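Residue numbers (our numbering), protein chains in the order written: chain C, 27 to 144; chain D, 27 to 144.
The structure appears right after this line, and notes come after that.
Number of protein chains: 2
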Amino acid sequence: MDSTIVARPRDCAGMLTAIGDSLYVIGGKWKLRVIVALREGNKRFNEIQRTVDGISARVLSSELKELEMNGFVKRIVHAQTPVVVEYQITEYADTLGEVLRTLAEWGIMHRSKIRKER
Amino acid sequence: MDSTIVARPRDCAGMLTAIGDSLYVIGGKWKLRVIVALREGNKRFNEIQRTVDGISARVLSSELKELEMNGFVKRIVHAQTPVVVEYQITEYADTLGEVLRTLAEWGIMHRSKIRKER
DNA sequence: ATTAGTAGTAAACAAAAGGTTAGTGGTAAC
DNA sequence: GTTACCACTAACCTTTTGTTTACTACTAAT
């Protein structure tokens with residue numbers, strides 16, 4: 027048993043720092059989308075770029091570096107002709123499963139609400 | 027029974043558009059934090075600004091306008107001396123409950139992981 | 001009488017995020 | 001022999017986001 031606030035941030039302050047922590051790592055326009063693309067089994071740079079609609083090579087490159095630094099992705103270089111680079115999703119990225127699920131569900135719900143309102 | 031893809035986006039394309047839809051509305055640095063602050067019962071402009079650490083008046087003002095446009099917040103003006111403005115969270119904002127919960131839980135988990143790694 | 005709180009807005013600016021274009025050096029298909 | 005794919009990256013530019021300061025016009029406390 028621990029007495030520190032750890033599991034359920036019902037209080038506003040705890041909720042705010044916890045959500046702040048999440049957004050610091052997986053916030054922004056692209057990070058979650060790249061993770062979703064990789065969960066499907068996509069692996070190569072251009073493949074990811076084709077899957078994640080609208081992302082530029084420059085931005086994808088920097089997002090992948092940050093995702094690697096945070097332990098969501100492993101970069102594997104096959105030093106052959108031509109150089110093939112694989113991006114592999116890690117087990118740690120699986121901890122985002124619920125976040126992705128609830129976000130996707132909410133997105134679907136919201137879209138259908140908008141459709142009805144027109 | 028409907029045959030359209032609606033409930034569970036296991037496929038990557040559906041997941042990507044659904045998450046895109048969510049981020050379009052609740053993405054960015056501040057939106058979810060302002061919603062969390064309002065869920066606690068906070069209501070007035072300066073009160074929200076004090077709760078959401080780091081937000082400037084200008085940004086809070088524009089975030090509140092967007093949140094109002096998207097149906098998460100109602101702005102209620104009590105035209106008295108001095109003018110008091112209440113920001114009330116709507117029922118629709120409650121649909122974000124699960125999203126907030128999973129994000130907060132992940133944030134807590136991630137922080138403790140980082141702590142262990144040091 | 002000064003200070004602080006009420007809810008903001010305008011202006012000017014800085015910083016962060018993102019887009020576009022062009023290019024590397026090699027292979028492989030048409 | 002031209003085009004296209006591979007995995008990027010540098011340079012430059014635009015857009016978005018955010019900060020700071022100052023200001024409104026009135027009230028309540030010290």
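Think of the CB as a built atom: it goes at the ideal place given N, C-alpha and C, for glycine as much as any other residue.
Predicted model only: the values in this text are computed from it and were never measured.
Considering V78 of chain D, what are the terminal residues of the alpha helix (DSSP H) in which it resides? Unbroken run through V78 of chain D: none, as it is neither H nor E.
Checking 7 Å against the spacing of the C-beta atoms, do K112 of chain C and I102 of chain C come in under that value? Checking the sequence shown, residue 112 of chain C turns out to be Glu, not Lys. The beta carbons of E112 of chain C and I102 of chain C sit closer together than 7 Å.
Check distances from the C-beta atoms of the region 34–54 of chain C to those of chain D and list, in chain order, the residues that come in under 9 Å. Legend: CB atoms of the region 34–54 of chain C lying less than 9 Å from CB atoms of chain D belong to residues R34, P35, D37, C38, A39, G40, M41, L42, T43, A44, I45, G46, D47, S48, L49, Y50, V51, I52, G53 and G54.
Can you name the residues of chain D whose CB is closer than 8 Å to the CB of A119 of chain C? Identification of chain D residues near A119 of chain C by a Cβ-Cβ cut-off of 8 Å yields none; the smallest Cβ-Cβ distance measures about 11 Å.
Kindly indicate if chain D contains any beta-carbon less than 7 Å away from that of V85 of chain C. No, no contact with chain D.
Which residues of chain C have a Cβ atom closer than 8 Å to the Cβ of A63 of chain D, listed in chain order? In chain order: C38 and L42.
Start-to-end residues for the alpha helix (DSSP H) that takes in V103 of chain D: Judged by DSSP secondary structure, V103 of chain D falls outside any alpha helix (DSSP H) and instead within the beta strand (DSSP E) spanning V99 to H104.
Cβ pair L45 of chain D, L129 of chain C closer than 7 Å: As written in the sequence, residue 45 of chain D is Ile, which differs from the Leu given in the question. Yes, these two residues count as a Cβ contact at 7 Å.
Excluding the five sequence neighbours on either side, which residues of its own chain have a C-beta within less than 6 Å of the C-beta of V86 of chain D, listed in chain order? Note that residue 86 of chain D is Leu in the sequence shown, not Val. So the qualifying residues of the chain are Q75.
For E66 of chain C, which of helix, strand or coil comes out of DSSP? E66 of chain C sits in coil when the DSSP states are folded into three classes, being neither helix nor strand.
Going by C-alpha distance, which of D:S138, D:L126, D:R144 and D:D37 is nearest I61 of chain D? Taking only the C-alpha atoms, the option nearest I61 of chain D is D:L126.
Endpoints, alpha helix (DSSP H) assigned at Y113 of chain C: The continuous stretches of alpha helix (DSSP H) do not include Y113 of chain C, which lies in the beta strand (DSSP E) extending over residues V110 to I115.
Please state whether the Cβ-Cβ distance between R141 of chain D and L42 of chain C is less than 7 Å. No, they are not a contact pair.
Whose Cβ in chain D lies nearer than 9 Å to the Cβ of M95 of chain C? Here the premise fails: no neighbours, minimum Cβ distance about 12 Å.
Selection from C:K69, C:S88 and C:H104 that minimises the alpha carbon distance to G54 of chain C: Cα-wise, what sits closest to G54 of chain C is C:S88.
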